[in-house]
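The structure under discussion appears below in the form of structure tokens.
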Amino acid sequence: MTTSPEMPKWYLQYEAGVPHEIEIPDIPLYRVLDDKAARYPHKRAIKFILKYLPFGVVVGSTLSYAALKGASDRFAAALVQLGVRPGDRVALMLPNIPQHTIAYFGILKAGGIVVNVNTTYTPRELLHLLRDSGAETLITLTGLYSRAEKIRAQIALKRFILTNVEDSLAWHWRLLAALQRRATGMRVEVAPAPDIHDFYQLLRNTRSRPPAVKHAADHLVVLQYSGSTTSIPKAAMLTHRNLVANVHQIRCWLPFIAEGKEKVLGALPFFHCYGMTVSMLTAFHMGATLIMTPDPHPIDLILQIIDRESVTLCPSVPDLYAAILTHPRANEYNLRSLKGCMSGGASLPIEVARRFKELTGSDLVEGYGLNESSPVALANPIQSKNRRAGAVGLPIPNVHAEIVALQPDAKGHHTPMPIGEPGELVIYGPQVMKGYWNAPEETSRAINARGGLHTGDIAHMDEDGYIYLVDRKKDL
């Protein structure tokens with residue numbers, strides 16, 4: 024079988040059941056949650072695990088789909104009452120705890136724009152992000168509040184919403200955890216003030232009906248800042264359509280999943296685009312249970328979670344998979360529930376993938392993405408022998424990729440490179456960002472006249488459409 028001139032050659036490598044093209048619904052991003060809450064109201068949406076104690080005791084909490092939707096509705100209403108208006112940027116600086124997910128969807132429903140903030144940022148790093156985004160609201164832990172307080176005179180923050188890791192727990196676990204975290208400095212007492220609000224107090228004091236806000240597919244919903252160490256971080260502007268498209272693309276790349284029955288590991292930080300889209304948003308789109316933990320270290324906890332919770336899908340990074348393989352007691356855990364493991368963020372060593380398959384029975388495949396592509400653009404087939412070792416994958420449905428010359432010709436065009444020849448990887452698709460926030464010149468350099476994203480990665484494509492990274496052209 025050969026492809027027609029109009030049919031990309033990589034379609035022939037797709038796993039059985041994966042469509043070549045999909046229709047992207049014109050819906051606001053929060054419908055990823057709300058639609059499943061209507062379908063599975065009593066199903067567990069979140070299982071939060073802080074730690075395991077002896078005799079199978081779990082220190083954690085759960086939320087059903089209906090409860091998560093209701094909490095996000097109330098949080099949206101609370102934000103509006105505090106003065107947040109459509110288009111306002113709201114900085115979200117939380118680890119993987121239920122409050123993060125409640126706040127994320129609440130911000131969307133209020134018409135706000137989520138500004139994802141790394142919880143490890145120093146005051147200097149935080150200063151640039153808050154000043155550049157113009158965020159007037161910061162949602163964070165009491166233990167991180169002091170970082171913003173140090174720079175407050177230099178930024179536009181009007182209000183703080185504070186919480187603690189243990190605040191979603193039952194009262195007895197909350198008390199024990201609070202004592203432990205106070206000893207480590209992550210729980211501190213913040214003096215009351217008119218502009219400081221308690222997260223759960225807001226939820227208790229707010230009506231459940233969300234505000235009536237108009238949403239359009241091209242409205243911004245997320246500012247995703249780069250973590251560059253060699254240049255000033257800039258924010259990819261991601262829209263409802265960008266992220267709705269990417270969760271639908273990811274979902275159809277997994278034809279073997281059972282709607283409403285999967286369990287997704289949420290160990291990747293949700294403030295990273297990879298964790299936000301592939302773990303959190305895709306889990307809810309599938310009606311899965313998202314099993315989240317705020318800190319994947321020590322690796323014992325991850326092994327316990329996979330074993331005890333029968334995790335089926337695991338998106339993560341090569342370091343975590345390597346840590347599992349080198350754990351001295353990895354063979355003592357039952358990891359056979361896994362049926363799909365995705366790796367991104369760094370190159371996946373072929374030997375790690377091979378040994379992981381031997382240990383778990385699950386295929387471990389590499390994918391490729393950027394903040395600027397929401398993030399997933401390329402992926403290897405997961406349960407198909409068509410995948411290629413060393414390749415970052417094929418263009419996923421609705422994505423077109425090409426390899427072009429590093430330098431433009433006399434007319435300013437980047438000539439496509441022959442098969443096997445290296446050049447810059449350019450991505451086209453509905454998940455490509457709207458542009459860079461407050462950076463029109465950077466946007467014009469990154470996105471060409473046809474809407475293609477110049478990734479800055481040097482790659483080559485083989486005769487079947489698989490793409491292999493070679494080097495970096497520039498730092499994105």
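Those letters in the sequence shown? Residues 24 to 499, per our numbering, in order.
Virtual Cβ for every residue (Gly too), placed ideally from N, Cα, C.
Query	Result
Residue closest to Arg108, alpha-carbon to alpha-carbon, out of Val236, Leu149 and Ile69	Val236
Per-residue DSSP class, three states only, for Val82	strand
For Pro418: DSSP bridge partner residues	Leu401
Exposed unless 16 or more other CB atoms sit within 10 angstroms - verdict on Ala306	buried
Reduced DSSP category for Thr145 - H, G, I as helix; E, B as strand; rest coil	coil
Sequence-distant residues of its chain with Cβ nearer than 7 Å to Thr252 (five each side left out)	Any reading at Thr252 is ruled out, since the residue's pLDDT is 46, under 50, leaving its predicted position unreliable.
Sequence ranges, beta strand (DSSP E) only - wholly within the stretch 64-148, length at least 3	67-76, 80-87, 112-116 and 136-139
Bridge partners - Phe183, DSSP secondary structure assignment	Leu161 and Ile219
Through-space distance from Ala424 to Thr163, alpha-carbon basis	38 Å
Close-in-space but distant-in-sequence residues of the same chain around Asn357 (CB under 6 Å, 5 per side omitted)	Asp330
Paired residues, beta bridge with Val449 - DSSP	Glu425 and His477
Per-residue burial, Pro48 [other beta carbons within 10 Å of its own, 16 or more giving buried]	exposed
Top-ranked residue by Cα proximity to Asn421, from Pro431, Ala268 and Pro398	Ala268
Simplified DSSP assignment, three categories, for Tyr34	helix
Residue from Phe98, His437, Arg62 and Gly157 with nearest C-alpha to Leu226	Phe98
Residue of Ser191, Lys380, Leu167 and Arg112 minimising C-alpha distance to Ser156	Arg112
Counterpart residues of Lys408 in DSSP-defined beta bridges	For Lys408, which the question treats as bridged, DSSP gives no partner whatsoever.
Within 8 Å, strictly: CB atoms of Ala291 and Ser339	Here the sequence assigns Leu to residue 291, which means Ala is not the residue at that position. Their beta carbons are under 8 Å apart, which means Leu291 touches Ser339 by this criterion.
Span of the alpha helix (DSSP H), counted from its first residue to its last, around Ala306	Thr305 to His308
Ile419 versus Glu282 - alpha carbon distance	20 Å
Secondary structure of Met484, DSSP reduced to three states	strand
Per-residue burial, Arg170 [other beta carbons within 10 Å of its own, 16 or more giving buried]	buried
Straight-line gap, Asn409 to Pro77 (C-alpha atoms, nearest Å)	44 Å
Cβ pair count under 8 Å reaching 3, the stretch 213-226 against the stretch 238-247	no
Nearest residue (CA-CA) to Asp323, options Lys74, Ala214 and His195	Lys74
Contact the stretch 167-183 vs the stretch 297-305: 3+ CB pairs below 8 Å	no
Secondary structure, alpha helix (DSSP H): runs of 4+ residues fully inside the stretch 317-383	322-332, 341-349 and 373-383
Inter-residue spacing [alpha-carbon to alpha-carbon] between Tyr505 and Leu152	Since the first and last residues shown for the chain are 24 and 499, residue 505 lies out of range.
Contacts around Thr229, its chain only, beta-carbon distance under 6 Å, and the 5 residues preceding and following it disregarded	Arg97, Ala100 and Ala101
Which of helix, strand or coil DSSP assigns to Met299	helix
Straight-line gap, Ala369 to Leu387 (C-alpha atoms, nearest Å)	14 Å
Alpha carbon of Asn403 to alpha carbon of Asn354, nearest angstrom	27 Å
Sequence-distant residues of the same chain with beta carbon closer than 6 Å to Phe379, five excluded per side	Tyr344 and Leu387
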